[in-house]
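Residue numbers (this note's numbering), protein chains in the order written: chain A, 1 to 377; chain B, 1 to 377; chain C, 1 to 377. Positions of the beta carbon are idealized from the N, C-alpha and C atoms, including for glycine. Model, not experiment: these values are computed from the prediction. Take a look at the structure set out below.
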């Protein structure tokens with residue numbers, strides 16, 4: 001007759017995930033968080049897409065780049081978790097997923113989320129080291145997809161400490177409700193936790209890891225669909241591709257990744273290769289790219305440097321077509337992070353230099369400056 | 001000067017409607033709930049629309065079929081209630097309504113909600129017995145509309161125990177902000193509560209009614225608009241109609257409905273008739289349809305059957321045009337429900353057989369298989 | 001290791017902003033509120049745009065005019081505030097902003113919100129005296145914009161008690177993510193708090209100010225963009241303008257405003273001038289407009305009048321083009337407000353008379369009747 005499942009006292013707390021409500025038996029909980037990201041960029045915010053579109057349209061911009069509402073928690077059991085993330089400004093539902101996390105070595109995720117493939121993309125836009133992801137994210141990310149994932153960590157704290165993720169996804173990107181054909185997207189990732197400690201998916205060593213924590217990872221994916229790239233907007237195509245025909249492209253891709261955090265120092269690096277086969281024109285194209293990124297809290301060695309300040313740098317290199325090896329795109333960036341309250345309230349100032357070469361060996365260069373404030377409530 | 005209306009202790013509970021906050025005087029409350037529905041379907045999810053579109057486009061699909069956020073409660077008085085339901089994946093506001101429920105025999109509802117017409121449609125997609133509604137829902141449902149409703153229960157627990165609903169609506173469907181003409185949609189429903197007990201609008205006898213609880217209901221509706229059918233997407237047209245002219249169609253429709261729950265057994269049945277008058281071509285068309293649905297928890301009579309398991313079946317029959325009486329569409333389905341936690345956490349496996357006949361007496365048949373997990377947080 | 005920032009007891013209250021959660025140190029808080037506005041209007045809801053569009057399309061309407069979800073609070077510090085407002089029915093994010101309110105004399109706001117320019121527009125649609133804003137709101141409002149605002153109150157409770165607002169905005173309206181050109185919108189407003197008391201931005205003297213509280217304000221704005229007007233829908237154009245060319249129009253505008261509340265009586269008045277320069281045709285146009293509005297709780301002088309009843313009236317006058325001074329548009333309205341619970345639960349009945357003159361000195365007149373229920377949860 002009554003609607004009450006549990007009339008016991010509910011715990012209310014403010015946590016790193018916002019206000020949280022939970023039943024005393026921990027079977028039910030809900031947390032609610034909002035996040036805003038303000039950004040000023042000049043002469044343009046977007047990284048140039050290729051040589052021809054090089055800052056085509058220069059517009060100094062001040063904008064609210066991200067406005068997110070996050071609701072998560074667990075229900076029925078402590079290990080039955082759920083998570084929603086909504087982009088308020090665009091009106092896009094980004095994440096909606098249920099996780100069955102009963103055993104550490106075997107967990108299941110169902111719904112839509114950021115495919116566990118590359119570190120740079122998995123790290124939340126609110127926990128990045130630079131203002132945003134590098135130029136190689138656009139061509140190589142698998143982004144958000146719908147489907148099922150099996151994952152876990154095996155032999156923890158031993159020499160054989162691995163974290164694995166196996167995903168079977170529709171392969172048609174965020175927001176799509178049906179697959180365009182009967183071909184699915186398969187993604188596998190195997191991560192070796194070098195020192196028997198698992199490195200979390202965040203930028204910057206804010207926590208000051210006393211012991212080195214590192215990972216080596218390989219990942220691979222194969223998909224057949226009408227898309228050659230994915231983003232928060234869903235499926236799309238790289239320059240040079242413009243099909244709407246279901247299943248026109250086969251994508252095979254792989255990466256090798258390293259990352260380390262140790263005493264205020266952080267390092268991460270990804271090396272990508274991707275092959276696009278066009279079944280209509282019977283042509284292939286191979287793309288390669290990598291980035292090297294590092295950051296450090298210099299207050300650890302220099303007394304006059306304030307504690308909340310981190311300096312970070314990135315070098316990214318992208319070859320849109322290995323047949324024209326000289327047509328390359330480079331990004332070099334430097335960022336200063338001021339952590340008011342870890343990643344939850346952070347100011348970032350960034351300078352980036354782009355250097356793109358056309359297939360005809362012409363060159364274009366440009367500087368970009370950005371300031372960003374990211375705050376979670 | 002202070003914003004506080006009530007500084008007394010707020011009750012926080014976890015209820016069947018999610019986390020709930022309420023003031024000690026019960027004048028204010030708010031509950032927050034989310035729901036996800038995952039579905040796998042092969043060879044296709046949608047029921048075929050008619051003979052010609054019979055599984056035209058076969059696509060095995062795995063998808064998040066529904067992602068809902070629900071906020072409700074009361075304000076100022078215990079009987080002044082409100083309710084919002086938002087479809088997160090589509091970005092659609094489904095329900096937004098205020099209910100004045102001061103007296104049981106006379107209540108008022110204002111806003112947008114699922115018109116109180118047919119049982120199958122009123123039952124929430126999270127509380128259904130089968131994976132989804134039958135083939136006759138599409139042509140006959142009035143779906144969500146905006147307007148006002150008067151309703152109540154009279155002579156409760158007597159021989160004359162009736163529940164009535166009278167609705168005056170714009171008749172242009174969900175999400176429309178203006179009426180297309182000055183013709184309104186009128187809906188009436190009279191429900192006889194057979195044994196002096198009111199049957200709730202949910203599938204399956206989870207509660208194990210010790211006493212038989214049943215209803216007989218009749219309902220009728222009349223509308224003039226440019227639409228011949230309604231769905232969550234708003235107003236639309238049945239195959240054969242494609243007007244955009246305000247007020248082109250007059251729809252008159254009626255139904256007779258029965259339902260019963262008793263000791264684990266549940267029954268429901270609807271019988272529909274609908275007449276569409278096209279004022280432009282001066283033609284009429286009459287549609288008829290019905291379904292019979294039943295379910296049972298066999299654990300009540302068979303010891304070896306697990307308690308959370310229910311078996312249910314449906315037979316639905318639709319005649320798109322009574323002038324071509326032989327052109328008929330049939331659906332036969334069987335479902336197995338596993339109730340982890342009543343309707344709030346439920347797994348359903350369903351097999352359906354479709355048998356459609358064209359006006360030329362050709363026949364098409366097809367099987368469909370679906371699995372669905374519906375979970376509320 | 002734990003997610004808890006503060007495990008101390010969270011205060012939960014029901015306030016004028018809905019349910020509110022706050023940490024004992026007041027550094028973190030969150031409030032959650034919903035609002036619905038139901039409206040019946042005949043023969044039409046919208047005020048006529050000009051002589052030619054005069055009730056072109058008469059449609060009696062009953063609709064849910066506004067359905068809002070509001071989330072606000074503070075984080076990290078009591079003076080670091082945030083606020084989101086979402087229009088659920090349209091799926092529009094209206095407000096998303098952060099306020100640094102550490103000092104009363106100098107505050108900073110970043111994000112998107114209703115530009116602090118004219119009283120009528122700043123007052124929330126839920127706290128208005130009439131059913132909605134007058135005919136001069138459409139041509140003169142700056143509406144919601146993105147950018148930064150500096151504001152504060154100086155010399156409070158002295159003879160030199162001023163409130164100022166200086167805004168630098170993109171000038172492309174709600175929901176735009178980039179500026180169309182490098183020209184920004186600048187808005188300044190200086191308000192003199194006559195009696196050393198600041199008048200809040202709400203209609204009707206519900207609080208029964210024992211002492212007179214009044215303001216005199218001047219404001220000005222300049223912008224260059226492709227738009228000649230703004231609304232909740234973003235940038236748009238007044239009748240006679242239809243450009244999509246970035247930076248085609250320069251808008252200079254100014255206003256003089258007065259307002260007073262005293263013992264149940266409320267008064268407000270705005271006087272606007274706006275000049276549009278079209279850089280393509282090299283033409284100018286000047287628009288002027290004003291309104292006078294007053295309301296009173298007659299229960300203060302007449303015993304037989306019920307306490308919750310307020311009577312209010314408005315007269316608005318708009319000259320779309322001062323070169324054709326005789327082409328004028330007038331609105332005369334009278335409203336009866338019944339405050340169940342201040343502005344949070346209010347019923348309004350309104351009668352309006354429109355009298356528009358064409359440049360050819362033709363005249364059109366019409367009556368409009370509206371009833372509105374506005375309720376916050």
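Using a Cβ cut-off of 8 Å, pull out every chain A residue sitting near residue i, in sequence order please.
| i | result |
| --- | --- |
| residue 340/B | 76 |
| residue 38/B | 98, 110 and 111 |
Please report the Cβ distance between residue i and residue j, rounded to the nearest whole angstrom; I am assuming they are in contact, meaning their Cβ atoms lie under 8 Å.
| i | j | result |
| --- | --- | --- |
| residue 274/C | residue 139/C | 7 Å |
| residue 108/B | residue 150/B | 6 Å |
| residue 221/B | residue 185/B | 7 Å |
| residue 310/C | residue 334/C | Not confirmed; about 11 Å, so no contact. |
| residue 71/B | residue 13/C | So it is not a contact: roughly 18 Å between Cβ atoms. |
| residue 316/B | residue 291/B | 4 Å |
| residue 22/B | residue 41/B | 40 Å between Cβ atoms; not a contact. |
| residue 47/C | residue 331/C | 7 Å |
| residue 189/A | residue 217/A | 6 Å |
Between the beta-carbon of residue i and the beta-carbon of residue j, is there less than 8 Å?
| i | j | result |
| --- | --- | --- |
| residue 374/B | residue 126/B | yes |
| residue 91/C | residue 91/B | yes |
| residue 206/C | residue 342/C | yes |
| residue 249/B | residue 226/B | yes |
| residue 379/C | residue 67/C | Given that chain C is displayed from residue 1 to residue 377, the structure contains no residue 379/C and the question cannot be resolved. |
| residue 204/C | residue 295/C | yes |
| residue 199/B | residue 215/B | yes |
| residue 233/C | residue 96/B | no |
| residue 123/B | residue 213/B | no |
| residue 130/B | residue 312/B | yes |
| residue 271/A | residue 293/A | no |
| residue 115/A | residue 169/A | yes |
Strictly below 7 Å CB to CB, what residues from chain B border residue i?
| i | result |
| --- | --- |
| residue 112/A | 64 |
| residue 84/A | 34 and 88 |
| residue 60/C | 182 |
Against residue i, what residues of chain C qualify as contacts under a CB-to-CB distance less than 9 Å, listed in chain order?
| i | result |
| --- | --- |
| residue 238/B | Those do not exist, as residue 238/B stays about 25 Å from chain C at its closest Cβ, beyond 9 Å. |
| residue 247/B | Result: empty, since nearest Cβ-Cβ is about 12 Å, beyond 9 Å. |
Answer with buried or exposed for residue i, where buried requires no fewer than 16 other C-beta atoms within 10 angstroms of its C-beta.
| i | result |
| --- | --- |
| residue 17/A | buried |
| residue 353/A | exposed |
| residue 329/C | buried |
| residue 282/A | exposed |
| residue 280/A | exposed |
| residue 360/A | exposed |
| residue 370/C | buried |
| residue 45/C | buried |
Show which residues of chain B have a CB atom less than 8 Å away from the CB atom of residue i.
| i | result |
| --- | --- |
| residue 71/C | Within chain B, no residue comes near residue 71/C; the closest Cβ sits about 11 Å away, beyond 8 Å. |
Nearer than 7 Å: is that true of the beta carbon of residue i relative to any heavy atom of the ligand COA?
| i | result |
| --- | --- |
| residue 234/B | Summarising the ligand content, the structure contains no ligands, and the ligand COA is consequently not present. |
Name, please, each residue of chain C whose Cβ falls closer than 8 Å to the Cβ of residue i.
| i | result |
| --- | --- |
| residue 67/A | 84, 93 and 96 |
| residue 208/A | Correct list: empty, because the minimum Cβ distance to chain C is about 14 Å. |
| residue 185/B | None at all; the shortest Cβ gap to chain C is about 12 Å. |
Applying a beta-carbon distance threshold of less than 7 Å, which residues of chain C neighbour residue i?
| i | result |
| --- | --- |
| residue 23/B | 14 |
Identify the contact partners of residue i in chain B, using a Cβ-Cβ distance below 9 Å as the criterion.
| i | result |
| --- | --- |
| residue 375/C | 75, 76, 80, 82 and 98 |
| residue 195/C | Correct list: empty, because the minimum Cβ distance to chain B is about 18 Å. |
Of all the residues that make up the stretch 137-150 of chain B, which are near chain C by a beta-carbon distance shorter than 9 Å? Under the 9 Å Cβ criterion, the stretch 137-150 of chain B contributes 146, 147 and 148.
Can you pull out the residues from the stretch 332-356 of chain A whose beta carbon lies closer than 9 Å to at least one beta carbon of chain C? Of all residues in the stretch 332-356 of chain A, those with a C-beta nearer than 9 Å to a C-beta of chain C are 340, 341, 344 and 345, reading in chain order.
Output, in sequence order along the chain, the residues in the stretch 355-369 of chain B whose CB is closer than 7 Å to any CB in chain A. Within the stretch 355-369 of chain B, no residue places its CB atom closer than 7 Å to a CB of chain A.
Against chain A, which members of the stretch 116-127 of chain C pass a CB distance test of less than 7 Å? Flagged: no residues at all.
Which residues, in order along the stretch 262-280 of chain B, keep a beta-carbon less than 8 Å from a beta-carbon of chain A? Those residues of the stretch 262-280 of chain B that come within reach of chain A (Cβ to Cβ, closer than 8 Å) do not exist; the list is empty.
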